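> Quick one: the structure is below, questions incoming.
Number of protein chains: 2
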Amino acid sequence: MSKPLIFVTNDDGISSPGIIFLVKVAKQFGDVVVIAPDKPQSGMGHAITINSTLRLNKTNYHGVEMEYSCTGTPVDCVKMAVNKILDRRPDLVLSGINHGSNSSINVIYSGTMSAAIEGALEGSSAIGFSLCDYGIDADFSQAQKFIEKIISSLLKNKLSKGVCLNVNIPKLKADELKGIKVCRQAKANWVEEFEERLDPYSRPYYWLTGKFVNFEPESNDTDEWALSKGYISVVPTQCDLTAHKEIDTLTQNLK
Amino acid sequence: MSKPLIFVTNDDGISSPGIIFLVKVAKQFGDVVVIAPDKPQSGMGHAITINSTLRLNKTNYHGVEMEYSCTGTPVDCVKMAVNKILDRRPDLVLSGINHGSNSSINVIYSGTMSAAIEGALEGSSAIGFSLCDYGIDADFSQAQKFIEKIISSLLKNKLSKGVCLNVNIPKLKADELKGIKVCRQAKANWVEEFEERLDPYSRPYYWLTGKFVNFEPESNDTDEWALSKGYISVVPTQCDLTAHKEIDTLTQNLK
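Sequences listed follow chains A and B, in order.
When the letters of the first sequence are read in order and numbered with our numbering, they come out as residues 1 to 255.
When the letters of the second sequence are read in order and numbered with our numbering, they come out as residues 1001 to 1255.
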C-alpha cells in the first residue's frame, strides 16, 4: 500500500516557523507536498484570485520533493494543488500551524481555516492548526504529541464528507496541556476600533484594531471555554451556512 | 419616529451599476449611507485588512449625504461604517446587487455575502443581493418589486440574531419571475481548471477557471433548484460553521 499523500499549506507564508514545524510532523505520516503563499495572507478568509493570475515558484524550505511558493491566497494554494499539481487527491490537507488563534468567529476571517475548509470541499480529510501565540519565538513543539494524535486519528477515521477540523492550541508548556476537547464554535464577535492617523500630507488613514468579545463565557462546550481551561480545542467544521431553523418563519414572512 | 438607517455596500466597487440600483431602491425605505470598495473585490470572501491601512474618500455616485469609497474589502467597509462612521447601528445592511450568482457554495467565496454576514454579526438585519447575470448590460430592475418586498419584510420582521439573507435572482424578465422561494444552500463544488500560459519571458503563469457542479440536482429545497425553476432564492445564512452532528463520533475517536 502506498503511503498517505499529505498536502500542507498555511496563511503566514511558506517560510514561517509554524508551517516548517507542521511539515516536519507530517513527514512521519506520509509523502508531503507543500504549496503555500509567498507572503503573509492573514485575514484573507476564503478569498480566491479571479481577476489576476497566479504563479508558482520552486522553493527549498521544507526538504520535500515538491514544494512551491504561490502568489495567491491559501485557498488558491489548495485549488492549485488538487487541480493542477497533484496526480491524485491528497489523503490529508493540513493548514498551519497558524501564528495566532482561529477559534470561535475567527474561523470566518482565517486564511488557515479557509484552506482546510477548501480541502474538505475537494473531498480530502483536512485539519487547520493554530497556536494561540503571535510571538516570533512561539514554541509549536509543546503540543506535538497531540498534533500527532489528531493527524493519526483522522488518517484512520475519516470525517463525513465536507467536514474538516479546526484545532486551536493554548499557549502552554507540554506538561500544562490538559488534553483534547471536541467542542463547538463559541458565539463571539470583534468590537473594532479604527485608529485614525494622519499621513505626512495631513490626510487621514485608519488601522483596524479590535477587542474579542465572547457572548457566552459561561458555556462549557465551546472552543473558547476549552482553550481557557488549558485544553486543545477541536471543532468539526463545515461550510453549509444555511440557518436551517429560520426557513419556516421566513417562508411565512415572505408569502 | 426616525426613518430606518440603511447602510449599503458591495464587492464590485462603489460605482458599479448593481449598487447604484440598490441604493436607488433603498432610498424609498430610509436614510441611506454608502461605504463601498474603490475597486472590484470579487472573490474576496471574508477578507479583512490587518497588515495594511485603510482610507476613505468622499464620492458622489449615489446622491446621498454620506458616501465614501474605501480602499479595503467589503467586510472592512461594514466594520468601518459600524465602528467609525455611523453614530448608531444601522437598521439594515444591504450588500450588492452583485453582478453574478452567489448561490450555493459561492457564499463562502463571495465578498457580497461576507459583507451581509458581517452586518448580521454586528447586530443589524442584513441582505446580500445577487443577480445571475455577469453582463455589463444586466437589468437589475426586472426583480425590483421582489427586492422591495424582501427589504420591506425584513424591516418589519427581524431575523434571529446573527442571521442574514442570501438572495439570488435569476436572469429573467419581470413577467417570467415566478416569485420567492425560501430554501437552503445546495451542496455543490467548483471543479477548477488552471489554464497555464507563458509570459513574454517564457515563464508560466495560471488563470483560475472552473466548472460549477451541483451535487444534488434532484433536491427541490435548494437555492439552485429554485433558481433553475425561475424563482428568486432566499437562503437564511449564519456563521456557525460547527458540524454539530460530528461532535459525538469525534469525541470517541479522539479519546
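Heads up, the beta-carbon is just placed ideally off N, CA and C, and yes, glycines get one too.
Predicted model only: the values in this text are computed from it and were never measured.
Suppose the cutoff is 6 Å on Cβ atoms and the five residues either side in sequence are ignored; what does the same chain contact list for Gly43/A look like?
Once the five neighbours on either side are set aside, the close Cβ partners of Gly43/A are Tyr109.
> With 7 Å as the threshold, decide whether the Cβ of Ile1247/B is near any Cβ in chain A.
Yes, Ile1247/B counts as interfacial toward chain A.
> Looking at the structure shown, is Leu1159/B part of a helix, part of a strand, or coil, going by DSSP?
Note: Leu1159/B maps to coil in three-state DSSP.
> Residues of chain B with CB under 7 Å from Trp207/A, in chain order?
Those within 7 Å of Trp207/A in chain B are Thr1053.
> According to DSSP, Lys211/A sits in a beta bridge with which residue or residues?
Its beta-bridge partners are Val191/A.
> Would you list the one or two residues that DSSP bridges to Ala1126/B?
For Ala1126/B, which the question treats as bridged, DSSP gives the partners Val1093/B.
> Once you ignore the five residues that flank Asp133/A on each side, which residues in its own chain have a CB closer than 6 Å to its CB?
For Asp133/A, where only same-chain residues beyond five positions count, the Cβ hits under 6 Å are Lys171.
> Are the CB atoms of Cys164/A and Ala116/A nearer to each other than 7 Å?
Yes.
> From the DSSP secondary-structure annotation, give me the bridge partner or partners of Arg1197/B.
DSSP, once it has assigned bridges, lists Tyr1205/B as partnering Arg1197/B.
> Mind pulling the chain A residues with CB within less than 8 Å of Gly1043/B?
The contacting residues are Ala47, Ile48, Thr49, Ile50, Asn51.
> Does the beta-carbon distance from Asp76/A to Ile50/A come in below 7 Å?
The answer is no: Cβ separation not under 7 Å.
> Could you have a look at Gly13/A and say whether DSSP puts it in helix, strand or coil?
Coil at Gly13/A, not helix or strand.
> Which runs of the alpha helix (DSSP H), 4 residues or longer, sit entirely within the segment 42-97 of chain A?
Entirely contained in the segment 42-97 of chain A, the alpha helix (DSSP H) runs reaching 4 residues are, in chain order, 74-80.
> Please check if any C-beta of chain B sits within less than 7 Å of the C-beta of Arg89/A.
No - not a single Cβ of chain B is within 7 Å of the one on Arg89/A.
> Thr1251/B touches chain A at which residues, Cβ-Cβ below 8 Å?
In chain order: Val182.
> Can you tell me where the beta strand (DSSP E) with Thr112/A in it begins and where it stops?
Counting along the chain, Thr112/A falls outside any beta strand (DSSP E), though it belongs to the alpha helix (DSSP H) covering 111-121.
> Quick one: measure Cβ to Cβ for Asp1199/B and Tyr1205/B, integer angstroms, because I've assumed they're closer than 8 Å.
Indeed, because the Cβ distance is near 6 Å, the residues count as touching under 8 Å.
> With H, G and I counted as helix, E and B as strand and the rest as coil, what does DSSP make of Leu1131/B?
The answer is strand: DSSP assigns Leu1131/B an E or B state.
> What are the boundary residues of the beta strand (DSSP E) that Leu177/A is part of?
Leu177/A -> no beta strand (DSSP E), and no H or E assigned at all.
> Alpha carbon to alpha carbon, how far is Tyr1061/B from Phe1140/B? Give it in angstroms, no decimals.
Taking the straight line from one Cα to the other gives about 17 Å.
> Are any of the Cβ atoms in chain A nearer than 7 Å to that of Tyr1109/B?
So, interface residue.
> Closer than 8 Å by C-beta to Ser124/A: which residues in its own chain qualify, once you throw out the five before and the five after it? Chain order, please.
Correct list, in chain order: Phe7, Val82, Arg89, Pro90, Asp91, Leu92, Val93.
> Whole angstroms is fine: what's the gap from Gln1185/B's alpha carbon to Asp137/A's?
Rounded to the nearest angstrom, the two C-alpha atoms are 42 Å apart.
> Does DSSP classify Asn102/A as helix, strand or coil?
Of the three classes helix, strand and coil, the one that applies to Asn102/A here is coil, per DSSP.
> Which residues bound the alpha helix (DSSP H) around Asn1253/B?
Where Asn1253/B is concerned, the enclosing alpha helix (DSSP H) stretches over 1247-1253.
> Bridge partners for Cys1164/B per DSSP, in chain order?
According to DSSP, Cys1164/B bridges with Thr1237/B.
> Helix, strand or coil for Asp1139/B per DSSP?
Asp1139/B: coil per DSSP, three-state reduction.
> For a quick check, are the C-beta atoms of Asp38/A and Gly111/A less than 7 Å apart?
In this structure, Gly111/A does not lie closer than 7 Å to Asp38/A by Cβ.
> Which same chain residues, not among the five before or five after Ala1226/B, have their C-beta less than 7 Å away from its C-beta?
Once the five neighbours on either side are set aside, the close Cβ partners of Ala1226/B are Lys1181, Cys1183, Ser1233.
> Let me know if Gln238/A comes out buried or exposed under the rule of 16 or more other beta-carbons within 10 Å of its beta-carbon.
That one is buried.
> Using a Cβ-Cβ cut-off of 7 Å, state whether Lys1079/B counts as contacting chain A.
Taking Cβ atoms only, chain A reaches closer than 7 Å to Lys1079/B, which makes this a yes.
> Any chance the CB of Ser1202/B is under 6 Å from a heavy atom of the ligand SAM?
You won't find the ligand SAM in this model; it holds no ligand whatsoever.
> Would Gly119/A be called buried (16 or more neighbouring beta carbons within 10 Å of its own) or exposed?
By the neighbour-count rule (16 or more Cβ atoms within 10 Å), Gly119/A is buried.
> For the beta strand (DSSP E) that Ala1036/B lies in, which residues bound it at each end?
Counting along the chain, the beta strand (DSSP E) containing Ala1036/B begins and ends at 1031-1037.
> Answer yes or no: does any C-beta atom of chain A fall closer than 7 Å to that of Cys1070/B?
Not one chain A Cβ lies under 7 Å of Cys1070/B.
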